[in-house]
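Quick notes on the structure that follows.
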Amino acid sequence: MATQGEHDYFKKIGAAGMQHAAHKPWSDSQCGLYLMELGAMMGLMPEGGRLLDMGCGTGWTSVLFAKRGYDVVGQDLVPEAIEAGRQLKHQNGVTKLDFVVGDYESLAFKEEFDVVVFFDCLHHAVDEVGALRSAWQALKPGGICITSEPGRGHERRSQAVMAEFGVTERDMHPAKIIRAGKKVGFRAFSVHPHASYLYIALYRQQQRGLLGKLLGLPGMRTLVGMATVLFSKHQAGIVVLRK
Numbered sequence: 023m024a025t026q027g028e029h030d031y032f033k034k035i036g037a038a039g040m041q042h043a044a045h046k047p048w049s050d051s052q053c054g055l056y057l058m059e060l061g062a063m064m065g066l067m068p069e070g071g072r073l074l075d076m077g078c079g080t081g082w083t084s085v086l087f088a089k090r091g092y093d094v095v096g097q098d099l100v101p102e103a104i105e106a107g108r109q110l111k112h113q114n115g116v117t118k119l120d121f122v123v124g125d126y127e128s129l130a131f132k133e134e135f136d137v138v139v140f141f142d143c144l145h146h147a148v149d150e151v152g153a154l155r156s157a158w159q160a161l162k163p164g165g166i167c168i169t170s171e172p173g174r175g176h177e178r179r180s181q182a183v184m185a186e187f188g189v190t191e192r193d194m195h196p197a198k199i200i201r202a203g204k205k206v207g208f209r210a211f212s213v214h215p216h217a218s219y220l221y222i223a224l225y226r227q228q229q230r231g232l233l234g235k236l237l238g239l240p241g242m243r244t245l246v247g248m249a250t251v252l253f254s255k256h257q258a259g260i261v262v263l264r265k
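Heads up, the sequence shown is in the numbering used here, so the first residue is 23 and it goes up one at a time.
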């Protein structure tokens with residue numbers, strides 16, 4: 023069950039924060055990173071079908087999935103966020119998109135979707151087993167659940183955010199996701215390098231400190247990219263779970 027901080031988050035961030043949240047990825051300085059992460063996920067998803075976008079917030083990811091051709095339902099806990107999603111839907115002129123308010127740890131969908139997506143939101147779950155059980159129940163036989171999460175060390179890095187907003191921030195690395203997936207009945211799993219690590223290693227131009235100096239050495243970005251492919255998926259990989 024979500025904390026009160028999760029319910030109140032979009033009220034606390036104010037009008038400017040809501041404006042920023044509703045216009046991602048274009049409003050965010052990490053726009054390229056978001057697009058790369060979503061592109062990586064889409065590459066691992068089937069072409070078309072019905073998609074459940076868990077913890078969709080203001081619905082910007084749901085709009086992008088709908089524009090790609092999926093028949094989308096965006097779910098979030100917070101009514102204010104869902105209302106922003108509905109406005110975004112109309113602003114973008116998309117039709118194959120609906121929104122529902124609910125807790126993703128206890129949804130009632132039964133074998134309705136080809137794909138369930140957790141994009142940067144499963145780490146907010148108090149009970150990831152409950153959230154993945156909702157996904158498993160919502161999927162048709164043979165459907166996939168795909169997650170892209172910040173992974174190991176996220177809770178430690180998020181202490182200030184938790185103190186300010188009272189939200190849940192937890193480590194949600196591939197091994198934890200797969201353990202929870204096995205408990206609820208997923209039968210096959212694969213882990214893929216997290217796009218954010220590849221973006222930082224290979225494409226982002228400005229780096230600070232020691233990392234910036236290292237990446238400035240000739241050939242170092244290529245070596246770091248290779249190491250990322252080999253090791254980052256254990257830290258914070260994209261996880262595909264098949265029903």
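We put the beta carbon where it would ideally sit given N, CA and C, even for glycine. Note that the structure is predicted; figures quoted are calculated from it, not measured.
Legend entry - Limits of the alpha helix (DSSP H) - the one that Cys53 falls within: Run containing Cys53: Cys53 to Gly65, per the alpha helix (DSSP H) assignment.
Legend entry - Rounded straight-line distance, which links the Cα of Lys34 to that of Ala44: Pairing Ala44 with Lys34, the inter-Cα distance amounts to about 15 Å.
Inset, instruction - Assess, as a yes-or-no matter, whether the stretch 137-144 is touched by the stretch 100-115 under the definition of 3 or more beta carbon pairs within less than 8 Å. - result: Per the Cβ contact rule, the stretch 100-115 is not in contact with the stretch 137-144 (fewer than 3 Cβ pairs under 8 Å).
Inset, instruction - Could you tell me whether the stretch 244-254 touches the stretch 191-199, using the rule of 3 or more Cβ pairs below 8 Å? - result: Because the criterion of three Cβ pairs below 8 Å is not met, the stretch 244-254 and the stretch 191-199 do not touch.
Inset, instruction - Would you kindly report the start and end of the unbroken alpha helix (DSSP H) that includes Ala44? - result: For Ala44, the enclosing alpha helix (DSSP H) begins and ends at Gly36 to Ala44.
Inset, instruction - Grab the span of the alpha helix (DSSP H) containing Arg155 for me, first residue to last. - result: Counting along the chain, the alpha helix (DSSP H) containing Arg155 begins and ends at Glu150 to Ala160.
Legend entry - Exposure label - Thr83; buried when at least 16 CB within 10 Å: Buried is the call here.
Inset, instruction - Name the residue from Val262, Ser218 and Lys265 whose alpha carbon lies nearest to the alpha carbon of Gly247. - result: Measuring from the Cα of Gly247, the nearest candidate turns out to be Ser218.
Inset, instruction - Could you pull the start and end residues of the beta strand (DSSP E) that His214 belongs to? - result: If you look at His214, you'll find it in the beta strand (DSSP E) that goes Ala210 to His214.
Inset, instruction - Run the CB neighbour count on Val100, radius 10 Å, all protein chains shown included, and call it buried at 16 or more, exposed below. - result: Val100 sits buried, since 16 or more C-beta atoms from the chains shown fall within 10 Å of its C-beta.
Legend entry - Residue from Glu102, Glu69 and Leu110 with nearest C-alpha to Pro47: Leu110 is the residue among Glu102, Glu69 and Leu110 whose C-alpha sits nearest the C-alpha of Pro47.
Legend entry - Helix, strand or coil at Val206 according to DSSP, with G and I counted as helix: In this structure, Val206 counts as helix in the three-state DSSP scheme.
Legend entry - Same chain, Cβ closer than 7 Å to Thr80, five either side skipped, listed in chain order: Answer for Thr80: Ala43, Ala44, Ala103, Ala106, Gly107 and Leu110, listed in chain order.
Inset, instruction - Determine the burial state of Ala130: buried for a count of at least 16 other Cβ atoms within 10 Å of its Cβ, exposed for fewer. - result: The residue is exposed, with fewer than 16 neighbouring Cβ atoms inside 10 Å.
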